[in-house]
Structures are given as structure tokens and as C-alpha cells.
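Per our numbering: the sequence shown = residues 1155 to 1751. For every residue, glycine included, the Cβ atom is placed at its ideal position computed from N, Cα and C.
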Amino acid sequence: MTSLQDVLKKASAKITQGDKEGAARLLEQAGEILAARGIIDRAARVFTEAAKIYREFDRAPEYYDAVESATLMLVRQGTDSKTNVDIVRINEAAGEFADEAGEHQRAADFFFRALDFATGSKILKLTIKAADALEGLADDKEVQQNYEETLTLLKKVSRLYYTAGDDELARRINERASRIALNWADEARREEDWLTAGNALAEAAQITQTEGDNVEATRLMMDAGMAYEKVGLHEKAGNIFDAAQETYKLERLSSARKNAMSQAAEAYMKMDGEPEVVGPLLVKAGDMFEELGRPMKAKWSYKKASEIFEKLARRAAEEGDTASEKNYLRYRAMCLKKWGAIDEAEDIYKAVIDYFIEQAKKEEEREHHEREALSLEEAADVMYEAGRRQEAQDTLERALDIYVSLAGERAASNEPDEESKLFTEAAECAAKMGDAERSASFYQKASERARSAAELYQEMGVGEVATIWLRTAGLEALKTQKTEMHEKAIEYLRESAEGFRAIEEEREAFDDLFTVFGLLLEHEPDDERIKEVLSAMDEIALTTRDEEVSLTLSVIRPLFNGHHIAALLALQENEEELESKVDRLRELVEIVKKRSR
């Protein structure tokens, strides 16, 4: 086996002989030996030297590979300021080399990697370089008539320019993207490719709406819906018509909204497919027809929906899935009631309520009191739907009393974790009853007992469990919706994030910090702690290289800097990947948008 010393000597000899390319290959071999031995810092230096030589001789594939190897070694060294500067330097240089060679995607990849480790003014410069590289790639895709990919890239470019603060250039990119989408739609319509036409129009609508032109955006949404209708894609048509009517509502264009709502409802009525999907959309159609003052159409929608829910309930019963059966029966009763079959609806409601009350009695006899309370809650939910409000309130009060009584028993036996869970259940009962004050009081108790549970587990030496209860304490404090409890929530969630990081559960830590970031951005945007939280989130992104973490940061960094359009574009681009956080991110975008007015 060739020794490290031999390889390095040969490399030195090659350089002396003027064979630098041969030397670079030997340096790579030496780097691999060093990496295998765990001598990471030396391996990084050797790979970096090899990369320089390959670049000098325009050996692009070998140069890129050497940069990748050097970056990997630097990352494995651990992130400190000097290492980060080195990673940025070699990847920025590789990006510039690739861009000059017309390899725009590879250039963008290098610039984005450099961005992950950049700080200060370097972030702005690299953002613009990445945007320029992607714009070059978009040009290539447009020439190839790959319009879908062109639009995806241009939306990214626009978002990057907004992030960099160049709003004018970002708007120009969006105007270009909109023109391409409309030309693509026209081409598809000429070929009677209605699915493609609909998709292109929907893209144009989204881009136009992002720029604030809601009136034009809704017109394009309506055109997209019409295109989907032509090929029987009634759910897609209904959904985009529905989006249009919501936008018209914001613009207070009542006649246009009614037209969009009517189109959406009619599209949903034409749907076939999975009954679990069709049933709820028929109910939605009925509600729309009702709002439009078309009672016969509404009743027909509710009737069709009730028949679907009847079949689903029967199937669930045959499969022995009692919980699903009762839920579908509730939906059927709701539809029958709206249709006008009041007596039949009441009979179904009564049967479902009686079932849950009977379950509660059985659990009481078995002394399973928590299950008893859960059954009472189920019964109360159906009572509300049936219009039996006072009976529902009384039933929920019974459930609440059980939870509070059980919490008292757990307190006596020093079980703060169970006590916290029971106070949460009591809080939810009070919330259903519309008693915000009592609900907040119980959530506060749940938070306090969760904090006590964390302390107890910490004393027992079970830090992981203590951290989970710290998180619970923070989340329950948030649910009180009391301003004075926000500070407690921030304190507990920052502590839990530290706890998760201590046990190398970085993703869990990130989620807690995300909650804190949102809370500070919403209520205390000038608080210095928001910078500390964002810095900790950036550290997690660097160490984990987790996709969801990085994508979340692509939205919240521009929010922190007040760029709501850049944040919205990043969110639209990655909505599926950010599904678990998308609702909160949308709220934060709206908050920053309102502040910018």
C-alpha cells in the first residue's frame, strides 16, 4: 500500500517536473488518505491545493470534485469563523468559474453553498450572484421552450432580488415571468392543451397577485378555471374559482365575486372521484349556493353529499370502524338538516349522542374517568351541531369537572405531568363553551404544572424528558393568549431549545426557536433577542444541513429584514416541503406586510 509520505513526495516531484495536473491527482489521493485517518484539517488544505491546480488548467470536472472534497473536509472540521470564510471563498470562486463556463446550475449550487456559511455584506453579494446564475439558467430553459422550468427559475430569481433589496429588478423579473406564462398559455390554447393552458394561467395569476395586482390576478384565475373545466378537471377548476372569489371579496367586487363563487360551486357539483374528497366539496358548494341565494341548487348539493356520507358510514360500520362511522353519520345529519330533512337529521343526531352518552356511562362504571370525560366531550360536540346548545354546555361542564377532579388527585400523588395534561383538557372544554377566561386560567395551570414536571424530571436525571416538559410549559403558556404569559413562553421555549441541542436533537430545537421567532416578530419586532434566536437557527441549519430547516430560513430571513414579498415568494416556492409550518409562515408574512404599508 502506498504511504502518505510517498504520495506527497511524488506530488512534489511532479510539480518540480512541471506536471502540475499529475501533482493535483496525487494531492487528491493524499487528501483521501488523510481523510480516512481523520486528519481533516490537512485533508482540507490538500484538496484545496488540488482544486487550485485544476482551475489553473481549466480541468472543470476535476476542479469541481476537488472543491466538493475540500468543502466536505472543512464542514467536518466544525463551523468556526475561519472555516466558514474558507468554505465561502472556495465555493464562491468555483461558482464564478462555472458561471463563466455557462454552467449556470452548477454555479448557482456553489453560490448557494457559500451563502449557507456567509455573514455580513457577503450575504448580499452572494445572493445577487446566485440570482444572476439562475437567470442565466432560465434563459437557457426558455430557449429550449421548457416554460415550466423557466417560470420556476424566474420566480426564484425574483425572490432573491427582493431578498437583496433590489425591488425594481425583482419586479422586472416577475413581469418577464408573467409574459412568458401568458405566451405559454396562448400557445397551449392554440393546441387545445387545456391542462397546460390552465397551469400557465394559474402561474401568471400567482405572479401577478404577488406584485399586488389582485384584479388582474383574479381575471387570470377565472381563465385558468375555464381551461380546467374543458378537460373535466372539476376539482382544480373549483379550487381556483374559489381562490378567485376570496380575492374578489378582499377587493370588495361583489358582482365578480358572485360569478366566481357560482363557477366554483358548479365545478364542485360536477366532480367524481373518492367519496371522502367529493363529500366535503359538495357541502362547500351547497354553502356557496346558499350565499348566492340559490336555495334549490344548495339543497341538491346537500342531498348529494348526504348520500355520500351515508355510504361512507355504512362502509365504516362494515369495517368495524365505529369512530369513523359516527363521524360520517354526523356529516350526513348536518347535510340532511341543511337540505330540509329535519326529522331524519334529528333522529341521526339523537342516535349518535345516545351512543356517546352510553359510552360515558360504561366508562364511569369501569372507573375509567378520563375516558368518561372524553365520551362526554364527543356527545357535546354533536349536541352543538344538533342545535342543543344548553345540553351541550351542561355536558361539557360535567367533562370539565371530571378533568379538574382528576387533576386534584394527581396533585396529591405528586404527578405534575399528568396534572398538566388534565388541566389542558379542562382548558379545551372551557374554550368550547366560549369561556375564554376560564380556558386561559386552566392553560396557565397546565403551563405551571408542566414546568414543575420539567423540574421533577431534571432532579431525577432524565434531562430529555425534562426538556419535553419545558416545551409543553411554553406552548401551554402561549395558549392562554395573555400578553404577560408571552414572556414565560419565550423563556421556556428558549430553555427547551437549549435542552434539545444538548442532546443533539437539533430539529426539535429549531422548531422551538421557530415558535419563539414568530412570537417576537409578531409582538416585539424590535427586541434584540430576535437576532439571537435567528443566529441560533442559522447555526442549526449549518450543522444539520436539513432541507426543511434551510427552506424555513429562506422565508424567515427576509421577514426579519422586512422583505415580505421575498418571504412570500420563498414560501410559494416551497409550500409542500413546509407544510407543517405554512399556516404560521403565512400569518407572519401578513404581519410584516401590514407593517410595511
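Within the segment 1331–1419, the alpha helix (DSSP H) runs of at least 4 residues that lie entirely inside it are, in chain order, 1348–1364, 1368–1384, 1388–1405. With fewer than 16 other Cβ atoms inside 10 Å of its own Cβ, His1677 counts as exposed. Three or more beta-carbon pairs separated by less than 8 angstroms link the segment 1726–1739 to the segment 1701–1709, which places the two stretches in contact. When the beta-carbon positions are compared, Ala1331 and Glu1303 stay at least 9 angstroms from each other. Exclusion of the five residues before and after Ala1643 leaves Gly1628, Ala1631, Leu1632 as the residues of its chain whose Cβ lies within less than 6 angstroms of its Cβ. Of the candidates Thr1273, Asp1253, Ile1244, the residue whose Cα lies closest to the Cα of Asp1294 is Asp1253. Exclusion of the five residues before and after Glu1296 leaves Thr1304 as the residues of its chain whose Cβ lies within less than 6 angstroms of its Cβ. A buried status is given to Arg1603, since no fewer than 16 other beta-carbon atoms sit within 10 Å of its beta-carbon. In the structure shown, Lys1586 adopts helical secondary structure according to DSSP, grouped into three states. A distance below 9 angstroms separates the beta carbons of Gly1249 and Ala1284. Around Thr1372, the same chain offers Ala1398, Thr1401, Tyr1402 as residues with beta carbons nearer than 6 angstroms, after the five sequence neighbours per side are excluded. Counting of Cβ neighbours within 10 angstroms places Arg1648 among the buried residues, the total reaching 16 or more.
Taken through DSSP and simplified to helix, strand or coil, Asp1700 comes out as coil. For Ser1223, the closest alpha carbon among the candidates Ala1197, Val1239, Arg1313, Thr1237 is that of Ala1197.
For Asp1680, no alpha helix (DSSP H) encloses it, and the DSSP letter there is neither H nor E.
Annotation: the continuous alpha helix (DSSP H) that includes Ala1284 extends over 1275–1297. Per the Cβ contact rule, the segment 1635–1642 is not in contact with the segment 1651–1659 (fewer than 3 Cβ pairs under 8 angstroms). The beta-carbon distance between Ile1684 and Leu1696, rounded to whole angstroms, is 19 angstroms. This is too long to meet the 8 angstroms contact definition. For Asn1481, the uninterrupted alpha helix (DSSP H) run begins and ends at 1476–1493, by DSSP. In this chain, the alpha helix (DSSP H) harbouring Met1450 covers 1449–1472.
In the structure shown, Arg1213 falls within a coil segment according to DSSP collapsed to helix, strand and coil. Non-local C-beta neighbours of Arg1313 in its own chain, meaning closer than 7 angstroms and more than five positions away in sequence, comprise Ala1720, Leu1723, Ala1724, Glu1727, ordered along the chain. Ile1244 sits away from Val1229, with the two beta carbons spaced by 9 angstroms or more. Contact check for Tyr1456 against Lys1492 passes: the beta carbons are separated by less than 9 angstroms.
Secondary structure of Arg1543 (DSSP, three-state): helix. Residue ranges of uninterrupted alpha helix (DSSP H) with 4 or more members, entirely inside the segment 1196–1264 and ordered along the chain, are 1214–1231, 1235–1254. Judged by beta-carbon spacing, Ala1607 lies within the 9 angstroms limit of Pro1570, meaning their Cβ atoms are closer than that value. When DSSP states are grouped into helix, strand and coil, His1640 belongs to the helix group.
Going by DSSP, Asp1426 is part of no alpha helix (DSSP H) at all; its letter is neither H nor E. In this chain, the alpha helix (DSSP H) harbouring Thr1317 covers 1301–1318. In the structure shown, the three-state DSSP call for Leu1446 is coil. The C-beta separation of Gly1392 from Ala1418 comes to about 5 angstroms, placing the pair in contact by the 8 angstroms criterion.
For Thr1698, the closest alpha carbon among the candidates Phe1664, His1718, Pro1712, Arg1711 is that of Phe1664. Residues of the same chain with a CB within less than 7 angstroms of the CB of Met1488, apart from the 5 flanking positions on each side, are Glu1539 in chain order. Rounded to whole angstroms, the gap between the alpha carbons of Glu1430 and Lys1390 is 16 angstroms. The C-beta of Ala1381 has 16 or more other C-beta atoms within 10 Å across all chains shown, which makes the residue buried.
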